[in-house]
Every structure is written in C-alpha cells, then in structure tokens.
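Engineer: I have a structure here, written as structure tokens, and I will follow up with some questions on it.
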DNA sequence: ATTCTCCTATCTATCAATAGGTAGATAGAT
DNA sequence: ATCTATCTACCTATTGATAGATAGGAGAAT
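See below:
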C-alpha cells in the first residue's frame with residue numbers, strides 16, 4: 001500500500017494555504033486538522049514554523065526547476081515558451097499564486113531562513129533565464145535585463161489576474177513575452 | 179498648532195506595516211503603541227480591522243492617482259514615464275512594496291471589503307493606462323494588453339527588487355517599458 | 001522463541017503571547 | 001448638556017511551542 005508520508009502531506013497543505021494568503025495563512029493546527037492528527041505531531045516533522053516555511057520554499061523551487069529542465073538543453077525559444085507556461089500552469093491548474101511571489105511580497109517580515117530560501121528561488125530564476133537568453137545570442141547586459149523583466153512580468157501577471165479574478169488578464173499581460 | 183489627526187497617523191502606521199508584511203502585519207495594538215494610545219482608541223477611529231484595511235487601500239489608491247494626474251492631460255509619453263516613476267518612487271523613496279500589490283498577492287484571504295478596494299485599485303490602473311495608450315494611437319485591443327503588461331511588470335519588479343534586496347533590479351526589469 | 005532496547009510517530013495537556021473586539025467610565029471642549 | 005477622544009478592564013479565539021506519556025515495530029541479545 002502507499003504509505004501516508006505525513007511530511008509530504010503537511011507540505012502540500014501548507015503550500016496551498018501559503019500560496020493563497022502568505023506566510024501567516026498556514027498554521028500548525030489547521031494543517032493537523034486537515035490531515036487528522038494533532039498539531040504537536042506536525043512539530044515532530046517540522047520542529048518550527050520557520051523550518052516548515054523554509055522546506056516549503058525549497059521544495060517549491062526544486063519542483064519548479066525540475067519542470068523547466070536544463071537551460072542548456074532544448075532550443076532557447078522552446079525553453080522560454082516552457083518558462084512562461086510554467087507560471088501559467090501554477091496560476092490556472094492550481095488556481096494559486098506563485099509561492100515565492102507571495103513570500104517575496106512580504107519578505108521583510110519573514111524569518112531569515114524563509115527569506116533566504118525565497119531569495120534563492122529568484123536567484124535560480126535569474127540564472128536560468130540569463131543562460132537561456134545568452135544562448136539566444138543576447139549580450140550579457142541585455143540578458144540580465146530581459147531575465148529580470150520576464151520574472152517581474154510573470155509574477156505581476158499572476159497578482160493582477162488573481163486580484164481581478166480574471167485569468168485572461170494573465171495571458172494579456174504576458175502576450176508580448178513569448 | 180497642527181492637530182495630531184489620529185486617524186491619519188493610524189493609517190500611516192498601518193500602511194507602512196502592511197506594505198512590509200501584508201494584511202496580517204499590522205495590528206491594533208502595535209499601531210496604538212506607536213502612537214502612544216490604547217488599542218481601544220484605535221477602534222474608535224476604525225471600528226474593525228476590515229474597515230481599516232479598506233480605508234488603507236482607498237487612501238493609497240487616491241494618493242496614487244493624484245500623483246498621476248488626468249490621463250487626458252499631459253503627453254502620453256510623458257504620462258507613461260510618470261507612471262513608471264510613481265512605482266519606482268514607492269519602492270525607492272518609501273523602501274516599501276505597493277500596498278495593493280501585497281494585498282493582491284493574498285487577495286483570496288482578505289475580507290471582502292478589502293479585496294474590493296484592492297480590485298478597485300487595479301481597475302483604475304487598467305483604465306488609466308488604457309486611456310493613455312489609446313491616445314498614443316494604439317488599438318483598444320492592444321491597449322488592453324499593454325496596460326495589463328505594464329501593471330504586471332511594475333508590480334513584479336517591486337517584488338523581485340525587494341526579494342533580492344537590490345533596487346537596481348527594479349530598473350533592469352522595467353527598462354524596456356519607458 | 002522470547003525478551004530487551006530503541007526508534008518512530010503519534011497522543012494529551014498545557015503554556016505564554018498575541019489577536020480583534022467590547023462595555024462602560026472619564027476628562028475636556030463646545 | 002452633549003460630543004469627541006481617550007481610558008481601564010476584560011473576553012474569547014488563535015497562535016507557535018513544549019513536556020511527557022503511549023503504542024507499535026525492528027533488531028539484537030539472551
């Protein structure tokens with residue numbers, strides 16, 4: 001039989017809540033209640049909230065880049081299309097914000113380890129995009145700007161679409177990117 | 179003498195906290211402590227937290243569009259430059275996020291009146307930009323996309339710059355806009 | 001085979017801190 | 001005498017976190 005893997009379920013539930021309302025939107029008690037255990041048992045798997053938040057951002061980042069694949073792999077144009085689609089999927093399939101987008105908005109109030117993990121996500125994004133743009137024949141200076149622009153447009157597009165309750169606004173906002 | 183105008187001070191303090199850590203980052207007690215009154219007195223000016231949040235978003239929006247001015251006023255190119263500068267000022271002068279950007283990221287967890295006021299901010303943004311772009315000779319369809327794109331890029335650029343602790347990333351991300 | 005030991009994962013029970021909110025009193029100004 | 005703005009004192013709910021007990025399984029020692 002498939003083992004419950006409580007730690008994974010904790011992360012799943014916490015991620016969903018965090019991507020809806022930020023770092024304060026998930027609590028040990030709510031997570032425990034949804035699984036059907038006690039809040040003390042959640043502390044067994046993640047000793048503190050900041051440890052849970054850090055694991056959350058780390059797993060989200062890893063999953064994200066597993067989908068994107070090697071920046072030196074497929075054709076640059078194809079990779080960029082895949083990049084935009086990854087954000088779109090997070091919004092439309094999950095119906096949620098980007099976890100690190102939410103954390104990024106409130107970064108100054110996050111515990112240092114969570115803030116670090118959030119920063120790492122954006123650093124990896126910048127790095128991945130810089131590589132792809134350079135392969136596409138762009139000068140390093142321009143690649144840097146293009147990378148920052150793409151991240152910004154996609155994170156902002158998610159906020160705008162969710163705020164207005166209109167997923168079509170996401171597509172409108174990022175139409176010029178791909 | 180200048181009267182204290184407690185309500186205004188409450189809004190100032192709450193706005194700063196909210197633009198740092200979102201809706202849960204400001205509390206009646208913290209606001210009261212910073213002013214030097216009791217939390218019950220804050221309830222006198224704003225009966226509930228959602229009323230305070232709503233007033234917060236409303237005032238932020240009004241101030242923002244007072245800076246921008248009439249979309250039918252100055253030259254379109256000049257207006258767009260002013261628009262980008264307004265976001266840049268919010269980030270660099272205040273050192274804070276856009277209030278409605280933070281609220282937008284956690285909109286699904288906000289009390290309905292606060293969510294409405296946040297949506298109204300973005301609606302006004304879309305409207306203002308649509309008008310300016312149309313005046314600039316853009317077709318309505320393209321103006322809609324361009325408007326959504328600008329809002330998204332600017333909100334996202336603020337998140338990225340704050341998350342990475344590097345204001346230059348804001349300029350890099352929005353370089354192509356103006 | 002039985003017993004002892006250890007680890008895993010959960011439980012009960014509780015703590016101190018903080019949250020938003022309310023009732024009712026009070027001082028001062030109009 | 002009324003209104004404004006504050007106070008004191010309290011309530012209930014929720015938060016993250018901890019101490020200590022418990023049940024069950026795995027492996028080793030007898």
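Protein chains in written order, with this note's numbering: chain A, 1 to 178; chain B, 179 to 356. In this text, a Cβ means the ideal position worked out from N, Cα and C, and glycines have one as well. Quantities reported herein were computed from a predicted structural model and do not represent experimental measurements.
(1) I'd like to check one pair, residue 99 of chain A with residue 15 of chain A: are the Cβ atoms closer than 8 Å?
(2) Hey, does residue 338 of chain B have any beta-carbon neighbour from chain A nearer than 8 Å?
(3) Should residue 217 of chain B go down as buried or exposed, given a rule of 16 or more other Cβ atoms within 10 Å for buried?
(4) Using a C-beta cutoff of 8 Å, does residue 12 of chain A count as contacting chain B?
(5) Give me, in chain order, the residues of the same chain whose beta-carbon lies closer than 8 Å to that of residue 187 of chain B; leave out the 5 immediate sequence neighbours on both sides.
(6) Can you find a CB in chain A that lies within less than 8 Å of the CB of residue 327 of chain B?
(7) Residue 42 of chain A to residue 312 of chain B, Cα distance in whole Å?
(8) Which bits of chain B does residue 175 of chain A rub up against, with CB to CB less than 9 Å?
(9) When the cut-off is 8 Å and only beta carbons count, does residue 6 of chain A lie next to chain B?
(10) Helix, strand or coil for residue 359 of chain B, going by three-state DSSP, please let me know.
(11) Distance check for residue 102 of chain A and residue 284 of chain B, CA to CA, integer angstroms please.
(12) For residue 339 of chain B, which option in A:71, A:31, A:28 and A:126 has the closest C-alpha, if you only look at C-alpha atoms?
(13) Looking at the secondary structure, which residues open and close the alpha helix (DSSP H) in which residue 137 of chain A lies?
(14) Taking only three categories from DSSP, how would you classify residue 164 of chain A?
(15) Of all the residues that make up the stretch 271-301 of chain B, which are near chain A by a beta-carbon distance shorter than 7 Å?
(16) Could you pull the start and end residues of the alpha helix (DSSP H) that residue 8 of chain A belongs to?
(17) Counting contacts by CB-CB distance shorter than 8 Å, is residue 137 of chain A in contact with chain B?
(18) Distance cutoff 8 Å, beta carbons only. Does residue 164 of chain A sit that close to anything in chain B?
(19) Find out if the Cβ-Cβ distance for the pair residue 114 of chain A, residue 23 of chain A is shorter than 8 Å.
(20) At a CB-CB cut-off below 7 Å, which residues of chain A make contact with residue 199 of chain B?
(21) Can you tell me whether DSSP reads residue 291 of chain B as helix, strand or coil?
(22) Let's test the definition: count the other Cβ atoms within 10 Å of the Cβ of residue 180 of chain B and tell me whether it reaches 16, buried, or not, exposed.
(23) Checking contacts by CB at 8 Å: is residue 57 of chain A closer than that to chain B?
(24) Kindly list the residues whose CB is nearer than 6 Å to the CB of residue 93 of chain A, restricted to its own chain and excluding five residues on each side of it in sequence; keep chain order.
Structural biologist: Reading from the atomic positions:
(1) As a working mapping, residue 15 of chain A is identified with position 15 in the first chain. As a working mapping, residue 99 of chain A is identified with position 99 in the first chain. Their beta carbons are under 8 Å apart, which means residue 15 of chain A touches residue 99 of chain A by this criterion.
(2) As a position in the second chain, residue 338 of chain B is number 160, starting the count at 1. When Cβ-Cβ separations below 8 Å define contact, residue 338 of chain B makes contact with chain A.
(3) Your numbering for residue 217 of chain B matches position 39 in the second chain. Label assigned to residue 217 of chain B: exposed.
(4) Along the first chain, one-based indexing puts residue 12 of chain A at 12. It does not: the Cβ of residue 12 of chain A has no partner Cβ on chain B nearer than 8 Å.
(5) In the second chain, counting from the first residue as 1, residue 187 of chain B sits at position 9. Cβ within range, chain order: 213.
(6) On the second chain, residue 327 of chain B is found 149 positions in, with the first residue counted as 1. True, the Cβ-Cβ gap to chain A drops below 8 Å.
(7) Position 42 of the first chain, counted from the start, is the residue given in the question as residue 42 of chain A. Position 134 of the second chain, counted from the start, is the residue given in the question as residue 312 of chain B. Going by the C-alpha atoms only, they are around 55 Å apart.
(8) Start at 1 with the first residue of the first chain, and residue 175 of chain A comes out as number 175. Residues of chain B passing the Cβ test: 323, 326 and 327.
(9) Residue mapping note: residue 6 of chain A aligns to position 6 of the first chain, counting from 1. False, the Cβ-Cβ gap to chain B never drops below 8 Å.
(10) Given that chain B is displayed from residue 179 to residue 356, the structure contains no residue 359 of chain B and the question cannot be resolved.
(11) Residue 284 of chain B sits at position 106 when you count from the first residue of the second chain. Residue 102 of chain A sits at position 102 when you count from the first residue of the first chain. Approximately 7 Å between the Cα atoms of the pair.
(12) Within the second chain, residue 339 of chain B is the residue found at index 161, counting from 1. That would be A:126, whose Cα lies nearest to the Cα of residue 339 of chain B.
(13) Translated into positions along the first chain, residue 137 of chain A becomes position 137. No alpha helix (DSSP H) holds residue 137 of chain A; DSSP gives it neither H nor E.
(14) To locate residue 164 of chain A, count along the first chain from 1; it is residue 164. Correct three-state label for residue 164 of chain A: helix.
(15) 275, 279, 280, 282, 283, 284, 285, 286, 287, 296, 297 and 300
(16) In the first chain, counting from the first residue as 1, residue 8 of chain A sits at position 8. Residue 8 of chain A -> alpha helix (DSSP H) spans 6-21.
(17) Residue 137 of chain A sits at position 137 when you count from the first residue of the first chain. Answer no: the Cβ-Cβ gap between residue 137 of chain A and chain B never drops below 8 Å.
(18) Counted from its first residue, the first chain places residue 164 of chain A at position 164. With 8 Å as the cut-off, residue 164 of chain A counts as an interface residue toward chain B.
(19) Position 114 of the first chain, counted from the start, is the residue given in the question as residue 114 of chain A. Position 23 of the first chain, counted from the start, is the residue given in the question as residue 23 of chain A. Yes, these two residues count as a Cβ contact at 8 Å.
(20) By one-based count along the second chain, residue 199 of chain B stands at place 21. Neighbours of residue 199 of chain B on chain A, chain order: 106, 108 and 109.
(21) Your numbering for residue 291 of chain B matches position 113 in the second chain. Helix, per DSSP.
(22) Along the second chain, one-based indexing puts residue 180 of chain B at 2. Residue confidence for residue 180 of chain B is low, a pLDDT of 45 falling below 50, so the modelled location carries little weight; the figure read from the coordinates is stated next. Answer is exposed; the Cβ neighbour count stays below 16.
(23) The residue labelled residue 57 of chain A in the question sits at position 57 within the first chain. For residue 57 of chain A, the nearest beta carbon of chain B is not closer than 8 Å to its own beta carbon.
(24) Taking the first chain and counting its residues from 1, the one referred to as residue 93 of chain A is at position 93. Excluding sequence neighbours, residue 93 of chain A sits near nothing in its chain.
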